[in-house]
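What follows is a short report on a single structure.
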């Protein structure tokens, strides 16, 4: 007896039942895509039933689109799988040379292994910068060292020197969100630029303070004061490894100081500078200045073999770093994770090798990269392109893993409870049942994640919108209405 017709009939019946069950989601998708604001836009939507791996609803799911920060879930989930959720980054205080009496005849090194949280002012569980400098100082003092007859060196060579992401815009590089990832980072690689304001609209506010102090920074201040309710519209322009910065745009007029955040030009040197200052303040003399290992290598100097480790510092657990990366959309954290993947899997901590390692990991698990082109790990590059179906294939794989899913999903913003969705969807069907990561760039909005409906079914979803008309806020609200429909089905 030929069983194929019966199998075909069963498959068709099952598919029809599945389509009927999810008809409400498909209608919501159709209503969303019919919006006049999306007439000229690129829109890709994929909603997949995790248990059955069947498509519940879609719209051009194979269209390549810019994902913005939603790309972070690709980097973070891969890092969690490869490194483990309990992985911790290491940073070491080392000395090279010999101790003669109370004098170190050699250099002090702080060697980084990619920790993006080192000295972070915001990461829960991270040791603040001042406390970290005190730990380093204490470790040297405990060795009886009162004079350093060499350099204080920040060694960030664990990663290559090109710290900024591939394809990042020049206009972004001087700002905190484009700080890049070095082998040695500090204070999330940003500083506060504080302006002293006045009530005069059109006036140029005075630069009052750079905090923490960044040696070698020089500013061309072209900032103007706008209306008191105008918000922060000031931007810093400048590249890595140079101290020249242009500041343009507007800040609101008013009383007191107003702060914006800029990217550090050279975090390893920045750390060396502040450690040297901390040593001098404690009475430990330093014969030479602060320096980066990269600069010393350019001068033909190498770190001596057999350096002595005086102190080991460990970051918070990777799971907590990923949660913070998702909640705060922290670009630095995900760029550090991408480079760490490259270092661990390909022996090179570059973005290129990180992308290659990431791609190989998922392709080995049956996730196709067709239509996907990755430039960085954070989504800041407008050169990134992925499909909605790629996201749901990847998220579906995680969703069907009973060990991976609970840990990873707990790092995503939860509707009405945490992260960027904390104040949204309260009292609705989505509260506590929608887990997502958002993304935004100029004319780009996206959401990817998981939704649980009233029947207890879990869906993996991705909504990518490029080049819409109207405001970003309006598009975001319409996307939120669509996600609510996923949970209300």
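Numbering (this note's numbering), first residue to last: -4 to 484. Just so you know, even glycine gets a beta-carbon here, dropped at the ideal spot from N, CA and C.
{"query": "Neighbour flag for residue 309 against chain D, beta carbons, 9 Å", "result": "In summary, chain D is missing from the structure at hand, where a single protein chain is found."}
{"query": "Uninterrupted beta strand (DSSP E) stretches inside the stretch 179 to 223 (no shorter than 3 residues)", "result": "185 to 191, 201 to 206, 213 to 221"}
{"query": "Extent of the continuous alpha helix (DSSP H) run through residue 25", "result": "18 to 28"}
{"query": "Exposure label - residue 12; buried when at least 16 CB within 10 Å", "result": "Unreliable positioning characterises residue 12 in this predicted model, as indicated by a pLDDT of 48, which lies under 50. The coordinate reading is nonetheless provided below. It is exposed - the Cβ of residue 12 has fewer than 16 other Cβ atoms within 10 Å."}
{"query": "Per-residue burial, residue 109 [other beta carbons within 10 Å of its own, 16 or more giving buried]", "result": "buried"}
{"query": "Range covered by the alpha helix (DSSP H) that runs through residue 293", "result": "288 to 293"}
{"query": "Residue 269 (DSSP reduced to helix, strand or coil)", "result": "helix"}
{"query": "Check whether residue 439 and residue 431 have beta carbons under 9 Å apart", "result": "no"}
{"query": "Residue 237 versus residue 457: straight-line alpha-carbon distance, rounded", "result": "39 Å"}
{"query": "Sufficient close CB pairs (3 or more, under 8 Å) joining the stretch 167 to 182 to the stretch 130 to 138", "result": "no"}
{"query": "Cβ-Cβ distance between residue 87 and residue 321 below 9 Å", "result": "no"}
{"query": "Alpha-carbon spacing of residue 223 relative to residue 249, whole angstroms", "result": "6 Å"}
{"query": "Spatially closest choice to residue 59 from 37, 51, 76, 48, by CA coordinates", "result": "37"}
{"query": "DSSP state of residue 122 mapped onto helix, strand, coil", "result": "coil"}
{"query": "Candidates 483, 445, 153, of which the one nearest residue 42 by Cα", "result": "445"}
{"query": "Continuous alpha helix (DSSP H) stretch holding residue 167: start and end", "result": "165 to 168"}
{"query": "Beta-bridge partners of residue 228, as assigned by DSSP", "result": "245"}
{"query": "First and last residue of the uninterrupted beta strand (DSSP E) at residue 38", "result": "37 to 44"}
{"query": "Where residue 281 sits in the DSSP three-state scheme", "result": "strand"}
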